[in-house]
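Residues 722 to 1032 (our numbering) make up the sequence shown, in order. Every residue gets a Cβ at the ideal spot worked out from N, C-alpha and C, and that includes glycine. Have a look at the structure below before the remarks.
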Amino acid sequence: MNKEKGEEEELVNIDEKGNYENKEKKEVRKSKQNLKLSNLLLLILLLIIIIVIYLIYKYKKKCHIELIIANNYEEMSKRAADIISKLIKENPRAILGLATGSTPIGLYQELIKQNKNKEISFKNITTYNLDEYCDIPQSHQQSYYSYMQENFFKYIDINPNNTHLPKGEGNIELNVKNYEEALEKHKINLQLLGVGRNSHIGFNEPGTHFDLGVHVVKLDNKTIQDNSRFFDNDISRVPKKAITMGIKNILDADTIILMANGTNKAEAVKYVMSGIIDENIPVSSLNTHKGKVYVIVDKDAASKIEYNKSN
Ligand code: F6R
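Set out below in structure tokens:
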């Protein structure tokens, strides 16, 4: 039935326009179809190119991390110090984001040495520290303010007015606001980080949103336990709250150096090197950083990196 109808239509065409015209029409139709097909192919090609560019971009984003595995703590400290002193030589007015804890002690000693040898000067350098405990005075031996004086500032030619730490006493809400405003005005060129056993950076404990700025934090039990070594191993003496730069502030820095030594940091280092991004693993936020990240570790801290094992 259908076939008959088709034949009828073809006959109508022959009757009205003749055979020759009909062929020409067919050719026009065919070339239109070909054009449509080549447009479709072009579109598919374009889509493939876009996907390839996206994948290259994604891959490159993961590869901004440079891993340096040092033989030991001294070498790790020297490698990190050399990156900082190179920056200071290039930009004597650089703004540094600093960390406390046991990890950067060797790095500070190396920078002190280079300052004493007149290789670098801190005269025009500005610093902003990551964090400070709440509920203990600045004058407390274990405040991060005291740490910075005792381990770094008092040995170098830095102008004390250019050194900044969040304030953990007094009107905390106002302190948070002031520190956030200061960080918004002063872009950090290089942020130094240690990492907690539970993968915290600054005092951003697991579960912290990556877009959070300066804030007050209730310290994780693991962190309190780890830091009790600075408080005569007495957990009850460790402050339970702190004021910290948020991950957003950390990620605003142009360059980041993450240092880690010892096997108890190996898990955290493995996460950052795996490329994972997870708010329950604060250090994994470094995988979203737009600039350069140096991960400088000793062999023990590198022992769980999967890339390392396969090589
Ligand atoms: C210190 C800080 C913390 C430490 C971390 C590792 O300012 O922000 O994140 O870097 O707790 O501490 P250490 O180096 O003592 O193992």
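| Item | Value |
| --- | --- |
| Those residues which DSSP pairs with Met980 across a bridge | Ile1017 |
| Ala987, enclosing alpha helix (DSSP H) - first and last residue | 987-995 |
| Same chain, Cβ closer than 7 Å to Asn985, neighbours up to 5 away in sequence not counted | Arg918 |
| Any non-hydrogen atom of ligand 2 within 7 Å of Gly917 CB | Among the ligands present in this structure, namely ligand 1, ligand 2 is not found. |
| Candidates Lys837, Gly967, Asn755: closest to Pro927 by CA position | Gly967 |
| Counterpart residues of Ala903 in DSSP-defined beta bridges | According to DSSP, Ala903 bridges with nothing at all. |
| Where the alpha helix (DSSP H) through Ile805 begins and ends | 794-811 |
| Contact belief for Lys908 with Asp973 at Cβ below 8 Å, rounded distance in angstroms | 7 Å |
| Candidates Gly889, Asn892, Ile846, Asn910: closest to Pro881 by CA position | Ile846 |
| Range covered by the alpha helix (DSSP H) that runs through Tyr854 | That residue, Tyr854, is in no alpha helix (DSSP H); its beta strand (DSSP E) goes 852-854. |
| Cross-strand partners of Tyr849 (DSSP beta bridge) | Gly818, His885 |
| For Ile922: DSSP bridge partner residues | Asn925 |
| Backbone CA spacing between Arg950 and Glu831 [nearest angstrom] | 24 Å |
| Whole-Å CB distance - Leu914 paired with Ile978, under 8 Å assumed | 7 Å |
| Stretch-stretch touch, CB-based, cutoff 8 Å, three pairs: the stretch 845-860 with the stretch 948-965 | yes |
| Proximity to Thr929 [Cα-Cα], best of Ser1005, Lys1020, Ser867, Asn948 | Ser1005 |
| Ile1007 versus Leu766 - alpha carbon distance | Looking at the sequence provided, one finds Leu at residue 1007 rather than Ile. Rounded to the nearest angstrom, the two C-alpha atoms are 34 Å apart. |
| Backbone CA spacing between Asn948 and Asp1021 [nearest angstrom] | 21 Å |
| Beta-carbon spacing of Val993, Ala1023 below 8 Å | no |
| First and last residue of the uninterrupted alpha helix (DSSP H) at Thr944 | 942-948 |
| Span separating the alpha-carbon of Lys810 from that of Gln835 | 11 Å |
| Test item: CB-CB of Asn970 and Val916 under 8 Å | no |
| Nearest-angstrom Cα separation, counted from Leu768 out to Asn755 | 20 Å |
| Rounded C-alpha distance that separates Lys757 from Ala903 | 59 Å |
| Ile774 burial status per 10 Å Cβ neighbour count (16 or more: buried) | exposed |
| Burial state of Ile777, where buried means 16 or more other Cβ atoms lie within 10 Å | exposed |
| Burial state of Arg800, where buried means 16 or more other Cβ atoms lie within 10 Å | buried |
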